[in-house]
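Engineer:
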Amino acid sequence: MAMASRVLILSDGVNVYSGYGALARAFASALRLIDPKIQVFNGSFQHVAAPVIDARTGIPIYAADNVVSMRRTIDMVAPDLIIHIRDLFAHTPRFYDKSYSLAEHRGRIRMIDYTMVQSDPMPFEAADAAVANFDLILVPTRWSQRRLAEAGVPLDMIDVVPPAIDWADIRVDPLPKSYFGLSPDRRTILSIGVATQARKNWPGLLRAFSLMRHEDAELFLYSSSGAYSLETFIAHLGIAGRVVMPQTIVATWGYAELPALFDIADLYMSMSTAEGINLPLIESLAHGTPCVATAHPNHLELMGDLCQFAETRKIMPSLWSFDYLPDPEDAARKADAILDMGPDERAALSERMRRRFEERYSVAALARALGRVLP
Numbered sequence: 019m020a021m022a023s024r025v026l027i028l029s030d031g032v033n034v035y036s037g038y039g040a041l042a043r044a045f046a047s048a049l050r051l052i053d054p055k056i057q058v059f060n061g062s063f064q065h066v067a068a069p070v071i072d073a074r075t076g077i078p079i080y081a082a083d084n085v086v087s088m089r090r091t092i093d094m095v096a097p098d099l100i101i102h103i104r105d106l107f108a109h110t111p112r113f114y115d116k117s118y119s120l121a122e123h124r125g126r127i128r129m130i131d132y133t134m135v136q137s138d139p140m141p142f143e144a145a146d147a148a149v150a151n152f153d154l155i156l157v158p159t160r161w162s163q164r165r166l167a168e169a170g171v172p173l174d175m176i177d178v179v180p181p182a183i184d185w186a187d188i189r190v191d192p193l194p195k196s197y198f199g200l201s202p203d204r205r206t207i208l209s210i211g212v213a214t215q216a217r218k219n220w221p222g223l224l225r226a227f228s229l230m231r232h233e234d235a236e237l238f239l240y241s242s243s244g245a246y247s248l249e250t251f252i253a254h255l256g257i258a259g260r261v262v263m264p265q266t267i268v269a270t271w272g273y274a275e276l277p278a279l280f281d282i283a284d285l286y287m288s289m290s291t292a293e294g295i296n297l298p299l300i301e302s303l304a305h306g307t308p309c310v311a312t313a314h315p316n317h318l319e320l321m322g323d324l325c326q327f328a329e330t331r332k333i334m335p336s337l338w339s340f341d342y343l344p345d346p347e348d349a350a351r352k353a354d355a356i357l358d359m360g361p362d363e364r365a366a367l368s369e370r371m372r373r374r375f376e377e378r379y380s381v382a383a384l385a386r387a388l389g390r391v392l393p
């Protein structure tokens, strides 16, 4: 198969251990699996200095923190193909105050965007950005493909490539609950996400947790106050002492901690109102950690019957659409039901989850999908 020999992945850094950084590493591994001779470079949105080599993957990391550094990195790397992993809003001045264009590179470099569609309808500016900047748009789900087509992106310009997580990010030595400040004799519920975006709906999660009848459960909320004063919600809901909140972001932790959290968790919960993928749910599949989530169309398509979905209504206003608001009472009931599962039932579910991950969201699965769509 004809394939580009030099690929630049413009994304969060491959040395960032969560979110789009993890996705970028999976793309790099998949490209190398397709053809070991492909040279993969990373233009990192977080890197501001001279090029460095990522110690774990061996991928060269170049600065891509602004328009000037992106242009310099593209000139230095001279790629045949650029894979840009970011929301299309990065190219829309109306929705992103540091917006930029990649249109100048089209023609001499093949331009692909792997983008997430969180809500519908999508603003028409997102469709305009897709057409102006890229030759091909890849999305994680068929629902996302339909939303972009409705906004004006030609359907033959969009293809579906499910997300992936590298097994190297999953197979680590275990860590005890005490390492994270958790009680060894309590059930652990895990949730991960940024603090500054209201769509993560941390109050809804805290409300659901407070309504659970399993009072032996403890919530490890990997976030902090930002869009919400979480300490205030915790106090008023009467769950102080049962919520562990480390007050830091995932990216600052070392390699071993994040996957170890999934292995010690009894349940993963997400009450987000808008998600393009929600990678922690994919990680829960890989670790066989049962989950409860919002019945967002992307969640439904990606997780299928291997996640419990709270009753959800499309009524939450966002900047340009109505998003998906889950019912905390129903989420609490479903979370309690998972904690009620016997060991055999839970083991069978975990095995199905791991098998689904291997089939659909492993690096091998991503390599097959990319081999189908790349030149």
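Quick note: the sequence shown uses our numbering, first residue 19, plus one each step. Note that CB positions come from ideal geometry on N, CA and C, so glycine has one too.
Can you tell me where the alpha helix (DSSP H) with A355 in it begins and where it stops?
Structural biologist: 346-357
Engineer: Taking only runs that begin and end inside the stretch 197-264, name each unbroken beta strand (DSSP E) of 3 or more residues, in chain order.
Structural biologist: 205-210, 235-240
Engineer: Can you list, in chain order, the stretches of the beta strand (DSSP E) that have 3 or more residues and sit fully within the stretch 74-162?
Structural biologist: 78-81, 99-103, 128-132, 154-157
Engineer: Helix, strand or coil, according to DSSP, for R372 in the structure here?
Structural biologist: helix
Engineer: Please look up how many angstroms separate the CB atoms of I130 and F152, rounded, as I've assumed it's under 8 Å.
Structural biologist: Contact holds; Cβ gap of about 6 Å.
Engineer: Is Y379 closer than 8 Å to L303 when the C-beta atoms are compared?
Structural biologist: yes
Engineer: Going by other Cβ atoms of all chains shown within 10 Å of its Cβ, with 16 needed for buried, is D362 buried or exposed?
Structural biologist: Classification of D362: exposed, given that the 10 Å Cβ count is below 16.
Engineer: Taking A365 and A226 to be in contact with their CB atoms under 8 Å, please state how far apart those CB atoms are, rounded to whole angstroms.
Structural biologist: Incorrect: roughly 25 Å between the Cβ atoms, too far for contact.
Engineer: Helix, strand or coil, according to DSSP, for K195 in the structure here?
Structural biologist: helix
Engineer: So, with DSSP's three-state summary, where would you put L324?
Structural biologist: helix
Engineer: Give a yes or no on whether the C-beta atoms belonging to F128 and D98 are separated by under 8 Å.
Structural biologist: Before going further, note that residue 128 is Arg rather than Phe in the sequence given. Yes, these two residues count as a Cβ contact at 8 Å.
Engineer: In chain order, which continuous runs of the beta strand (DSSP E) of length 3 or greater are located wholly inside the stretch 279-311?
Structural biologist: Within the stretch 279-311, the complete beta strand (DSSP E) runs of at least 3 residues are 285-288.
Engineer: In terms of alpha-carbon separation, which member of S201, M321, A82, D284 lies closest to M359?
Structural biologist: D284
Engineer: So, Q64 versus E293, is the Cβ gap smaller than 8 Å?
Structural biologist: no
Engineer: Output yes or no for whether 8 Å exceeds the beta carbon distance between A148 and L106.
Structural biologist: Closer than 8 Å, so yes.
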